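> Quick note: the sequence shown uses our numbering, first residue 12, plus one each step. In this text, a Cβ means the ideal position worked out from N, Cα and C, and glycines have one as well. If you're wondering where the values come from, they're calculated on a predicted model, not measured in any experiment.
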Amino acid sequence: MPSGARLPIALGGVTTKVGKRVGSPLQVRTCPPWFVKRLLVIAGPTGSGKSALGLDIAQAFNGEIVNCDSVQLYRGFDIGAAKTPLSERRNIPHHLFDILSPSETFSAGEYSRVGRRVLDEISGRGRLPVVVGGTGFYLRALLEGLPELPGRDEHWRAKLAAREQRRPGSLHRLLSRLDPETARRIHPNDSQKLTRALEVRIMIRSPLPQSESAEPLRDYRVLKLGLDPARPLLNQRLDARARAMFSSGLLDEVRGLIASGATGEEKPFESINYKQALQHIRGALNFDDAIASMQLETRQYAKRQGTWFRRDPEIRWLKGFGDDPAVRDRALDALQNFYKENF
12 MPSGARLPIA LGGVTTKVGK RVGSPLQVRT CPPWFVKRLL VIAGPTGSGK SALGLDIAQA
72 FNGEIVNCDS VQLYRGFDIG AAKTPLSERR NIPHHLFDIL SPSETFSAGE YSRVGRRVLD
132 EISGRGRLPV VVGGTGFYLR ALLEGLPELP GRDEHWRAKL AAREQRRPGS LHRLLSRLDP
192 ETARRIHPND SQKLTRALEV RIMIRSPLPQ SESAEPLRDY RVLKLGLDPA RPLLNQRLDA
252 RARAMFSSGL LDEVRGLIAS GATGEEKPFE SINYKQALQH IRGALNFDDA IASMQLETRQ
312 YAKRQGTWFR RDPEIRWLKG FGDDPAVRDR ALDALQNFYK ENF
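1. Measure from the alpha carbon of F298 to the alpha carbon of each residue in F72, Q287, L307, then state which is nearest.
2. Between which residues of its own chain and L261 is the CB-CB distance below 7 Å, once the five residues before and five after are set aside?
3. Let's see if you can read the secondary structure: which residues bound the alpha helix (DSSP H) around P279?
4. Just tell me which of S258, S62, S118, V265 has its CA closest to the CA of R207.
5. Work out the CA separation of R242 and R128 for me, nearest whole Å.
6. Excluding sequence positions up to five away, which residues of its chain have a Cβ less than 6 Å from the Cβ of E223?
7. Determine the DSSP secondary structure at P243, reduced to helix, strand or coil.
8. H291 by DSSP, collapsed to three states: which one?
9. Tell whether a beta-carbon distance below 7 Å holds between L153 and G126.
10. Going by the beta-carbon positions, is the gap between L238 and S98 smaller than 7 Å?
11. Which full runs of the beta strand (DSSP E) of 3+ residues lie inside the region 121-182, going along the chain?
12. Among I326, G65, E132, L205, whose alpha-carbon lies nearest the alpha-carbon of R174?
13. Apply the 10 Å Cβ neighbour rule to N78 and answer buried if 16 or more other Cβ atoms are within range, or exposed otherwise.
14. How many angstroms separate the CA atom of N102 from the CA atom of I292?
15. Taking contact to mean at least 3 C-beta pairs separated by less than 8 Å, is the region 175-195 in contact with the region 68-87?
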């Protein structure tokens with residue numbers, strides 16, 4: 012398509028002009044019953060420009076952003092979660108941001124249930140849901156579903172937590188005896204997942220049900236785009252971002268959260284950036300060591316994210332960062348072709 016060209020696309024009951032220049036005018040009509048529901052996913056490692064690309068595509072294709080980042084769910088956790096500021100959201104609706112207080116938890120199953128309702132609401136308005144984020148397990152739950160599992164049992168959770176505190180590593184050893192297959196998929200230090208797996212194992216008195224019993228997302232045509240910047244360039248960007256977070260107020264943000272009643276023991280404080288900021292504030296890490304720890308753990312996390320998403324054969328990979336105009340144009344072309352496909 013020539014540079015600057017603007018092609019009309021009929022999105023069922025939605026008519027819009029989509030082109031290379033982001034911000035083309037949009038005209039929306041009522042969505043008819045036969046409207047084919049489409050869904051765009053933008054995945055990839057942290058720092059790869061998913062949010063920037065999501066904004067460009069949502070603006071060009073009459074979309075709304077749906078968060079798929081487990082930390083960005085929390086109110087007040089902005090700088091360390093690399094949350095897009097309100098002033099930069101271009102009046103595009105954003106969903107599943109700032110919906111939790113620090114003390115609340117949100118399982119993948121809960122994310123799937125709430126997220127699917129949001130997708131249906133967006134599609135019901137004749138608009139394109141654009142799911143953006145790097146929490147792979149949440150994304151899998153949203154698209155593929157999870158086996159039906161019992162709810163939380165605080166009695167068993169307390170007993171398991173006490174056991175792990177008395178004998179570190181005992182939860183993973185116990186799960187290895189009761190459900191070896193599940194134990195192999197969980198890191199020995201991931202106490203949250205170990206506790207949940209054991210809690211369910213105890214309650215249903217059998218190994219955890221596998222994905223075959225899950226209920227996948229239905230009635231959507233899904234396009235998955237993945238960002239794949241060169242590793243050295245990504246690492247440089249991640250290192251610079253860690254320093255920028257400190258200089259732009261991460262420490263003050265954490266102090267404000269504590270002053271507002273958070274204890275620092277809540278789930279989001281376990282995430283990279285907030286963990287190191289809290290350790291620095293409490294004197295456990297000096298300034299330079301805190302930044303170095305953030306940089307190292309973020310690079311490692313980005314590598315794990317890449318490994319996770321690479322296992323999905325449905326992802327169409329785009330070389331480069333999401334804020335690169337050439338990458339944006341390739342993504343727009345891919346989505347435009349997606350709308351032309353006959354299902």
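Here's the rundown:
1. Q287
2. I90, G91, N284, A288
3. It is not in any alpha helix (DSSP H) - P279 carries neither H nor E in the DSSP assignment.
4. S118
5. 36 Å
6. Only weak support exists for where E223 lies, its pLDDT of 43 falling under 50; the coordinates are left without a value.
7. helix
8. helix
9. yes
10. no
11. 139-143
12. L205
13. buried
14. 35 Å
15. no
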